[in-house]
Amino acid sequence: MDLVDEGVLDFAPYVHVAPRRNSITPDKQRQFIATLAATGIVSQAARAIGASMEALYKLRHREGAEGFAAAWDAAVERGYARLEDCALERAIAGEVRPVVSRGKVVATWTHHNTGLLMFLLRARRPEKYGAVKLGDLREGHPVYEALKAKWAAERQVEDFARTEEVRASLHARLLAMRDEVLAARALGSGAGDEASTGADDPSTGSG
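The numbering of the sequence shown is my numbering, which starts it at 3 and goes up by one.
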């Protein structure tokens, strides 16, 4: 009873008009719901109040037991949540196992159940870890939107890289053209200097 909050017990129990010795009284109904919320196991909760499964299911479907039935469903969900938390804790923290040699425990080691961990991740976050059918991949689906965003980012990077490549190629061509122009100017200037030097040399004159 201490393992669950009072909210799970906030329901209208079924009240027998003429209760008998083995009737499931309101107090027993609350104890059943509390145990079910703590364990998630209907048979264990039934044993806790000394009632049979048949009697409990019969009570659940009686007219006027709608509050009890709703509390039953809520308790099952809470019980499963507790079991998931315990399983997740076990998967993360690991399980200590002994190392036995010649019939004696000589050491221990921690076993991490990755299979259990992946099972819980797929159950709790199917959009990220669960198997997705191709038919489910449509606009609005979390996996579809994630892939679309990823591909858009990759295209943006590729477009930027392509733009930088074109820019670098143009820059290299411009530099090559500049070098060609400067080389041509240097050759032209050298030829003009040689012509001028020949005209001023007295040894080349007539007479």
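Virtual Cβ for every residue (Gly too), placed ideally from N, Cα, C.
Bear in mind that the values here come from a model prediction, so they are computed numbers and not experimental data.
>> Along the chain, where does the alpha helix (DSSP H) containing residue 28 start, and where does it finish?
In response: Note, residue 28: alpha helix (DSSP H), 28-41.
> Do you know how far the Cα of residue 48 is from the Cα of residue 82?
Replying inline: Whole-angstrom Cα-Cα distance: 17 Å.
> In chain order, which beta strand (DSSP E) runs of at least 3 residues are fully inside the region 60-120?
Replying inline: Within the region 60-120, the beta strand (DSSP E) runs of at least 3 residues that lie entirely inside it are, in chain order, 97-103, 106-113.
> Under three-state DSSP, which class holds residue 11?
Replying inline: In the three-state DSSP reduction, residue 11 falls in the helix class (H, G or I).
> Buried or exposed: residue 34, going by 16 or more other Cβ atoms within 10 Å of its Cβ?
Replying inline: Classification for residue 34: buried.
> Taking the C-alpha atoms as reference points, what is the distance between residue 117 and residue 110?
Replying inline: Rounded to whole angstroms, residue 117 to residue 110 spans 21 Å at the Cα level.
> Per DSSP, what kind of secondary structure is residue 190 in: helix, strand or coil?
Replying inline: Helix.
> Taking the alpha-carbon positions, what's the residue 101 to residue 120 distance?
Replying inline: Answer to the nearest angstrom: the Cα atoms are 26 Å apart.
> Hey, how far is the Cα of residue 61 from the Cα of residue 154?
Replying inline: When only Cα atoms are considered, residue 61 and residue 154 end up about 57 Å apart.
>> Less than 6 Å between C-beta atoms, sequence neighbours within five positions excluded: which residues of the same chain meet that for residue 115?
In response: If the five residues before and after residue 115 are omitted, its C-beta is found closer than 6 Å to the C-beta atoms of 93, all from its own chain and listed in chain order.
> Is DSSP giving residue 16 helix, strand or coil here?
Replying inline: In the three-state scheme derived from DSSP, where H, G and I count as helix and E and B as strand, residue 16 is classed as coil.
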